[in-house]
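Comments concern the structure below.
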Amino acid sequence: MANRANRANRAKKQPTFEDNPVPQHLRANRSAFTRWFGKAFLRFFGWRVEGSITNAERVLITAAPHTSNWDAVLGIAAVLGLNVRLHFLGKHTIFVPGLRWFMRWLGGIPVNRQNPEGVIEHVNQLVEKHDGLVIVIAPEGTRKKTEKWKTGFLRIAEANNCKIQMAALDFEHKRIVLGDLYQPTGDNQADIANIKQWYTQFKGKYPDQF
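Be aware that the sequence shown starts at 2, since it is given in our numbering, and climbs by one per residue.
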């Protein structure tokens with residue numbers, strides 16, 4: 002009986018999408034079906050969202066650990082369920098015919114690593130166009146294990162006066178965590194080390210790649 006009661010209490014404490022309100026100026030105008038689909042997809046696989054997007058005019062979200070294509074699938078479901086309007090950086094090779102329209106509809110920005118400055122200019126234009134803006138970046142820049150993270154997200158945040166919010170995909174506990182704000186120090190390497198330390202509490206789908 003005690004075990005059954007404990008399970009029931011844990012179930013009651015599971016956060017719902019209604020616990021994760023998105024600030025009005027950052028909401029998308031998606032259909033009720035689209036929002037339902039995102040929520041239902043996560044629930045079907047036993048996932049949940051914890052935390053909420055910070056109430057700021059401009060937010061840059063770092064998303065990690067990035068070790069699997071499932072990261073994007075789960076992230077898209079969360080975006081639809083939360084009904085948040087955002088943009089994300091993705092390798093330009095995934096914007097292929099047949100997927101290009103869908104990726105751009107979701108807010109995708111193709112990144113050509115041969116011309117990284119073009120991305121910063123694109124983001125600057127988005128800032129001028131929208132009153133509220135959320136940008137999602139995977140600072141690792143790859144699904145493979147890498148010791149060196151990209152610092153471009155710090156430059157983008159500084160150039161556009163964005164609040165940096167850390168978000169994690171925790172496969173061990175099947176949760177997407179919208180976590181703490183990070184205040185950059187001005188020392189890129191120290192900032193990267195601090196942010197990476199925060200992520201050590203989470204496990205990606207393939208932990209040995211993080």
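Yeah, the Cβ is synthetic: ideal placement off N, Cα and C, and Gly gets one too.
Cβ-based neighbour list, residue i, same chain, cut-off 8 Å, excluding 5 preceding and 5 following
i             : result
isoleucine 77 : Gly39, Leu107
proline 22    : Ser53
histidine 88  : Gly108, Gly109, Ile110, Val124, Leu127, Leu134, Val135, Ile136, Val137
Pair within 8 Å by beta-carbon distance, residue i and residue j
i              : j              : result
leucine 170    : proline 66     : yes
threonine 63   : isoleucine 121 : no
threonine 152  : asparagine 195 : no
valine 112     : asparagine 161 : no
arginine 31    : arginine 176   : no
alanine 191    : leucine 61     : no
leucine 179    : glutamate 58   : no
isoleucine 193 : cysteine 163   : no
Rounded straight-line distance, which links the Cα of residue j to that of residue i
i                 : j             : result
threonine 186     : glycine 99    : 42 Å
aspartate 72      : glutamate 141 : 13 Å
asparagine 7      : valine 80     : In this prediction, asparagine 7 has a pLDDT of 48, which is less than 50 and means its spatial position is unreliable; what the coordinates show is noted afterwards. So the two alpha carbons sit approximately 31 Å from each other.
tyrosine 200      : alanine 168   : 9 Å
phenylalanine 203 : glutamate 173 : 8 Å
aspartate 209     : glycine 82    : 30 Å
threonine 94      : leucine 75    : 20 Å
arginine 86       : arginine 156  : 22 Å
alanine 33        : alanine 41    : 12 Å
tryptophan 102    : lysine 149    : 32 Å
histidine 26      : glutamine 198 : 31 Å
threonine 55      : glutamine 166 : 7 Å
histidine 131     : arginine 44   : 32 Å
phenylalanine 154 : glutamine 184 : 13 Å
phenylalanine 96  : proline 24    : 29 Å
Collapsed DSSP secondary structure at residue i in the structure displayed
i             : result
histidine 88  : strand
valine 23     : coil
leucine 61    : strand
aspartate 209 : helix
aspartate 188 : coil
Spatial neighbours of residue i in its chain, beta-carbon cut-off 7 Å, leaving aside the 5 residues before and after
i              : result
histidine 123  : Ile110
lysine 92      : Val112
leucine 29     : This sequence places alanine at residue 29; leucine is not what is there. Closer than 7 Å at the Cβ level, and outside the excluded window around alanine 29, lie Asn84, Val85, Arg86.
arginine 36    : Leu81, Gly82, Asn84
leucine 90     : Ile110, Val112, Val120, Ile138
methionine 104 : Gly91, Ile95, Phe96
6 Å Cβ shell around residue i - same chain, five flanking residues per side excluded
i          : result
glycine 47 : Lys175
Ordered list of alpha helix (DSSP H) runs contained in the segment 133–173, each at least 4 residues: 153–160
Quick check on the DSSP output: what are the complete beta strand (DSSP E) runs of length 3 or more inside the segment 27–78, in order along the chain? 49–52, 59–65
Could you tell me which uninterrupted beta strand (DSSP E) segments, each at least 3 residues in length, are contained entirely in the segment 97–130, listed from first to last along the chain? 109–112
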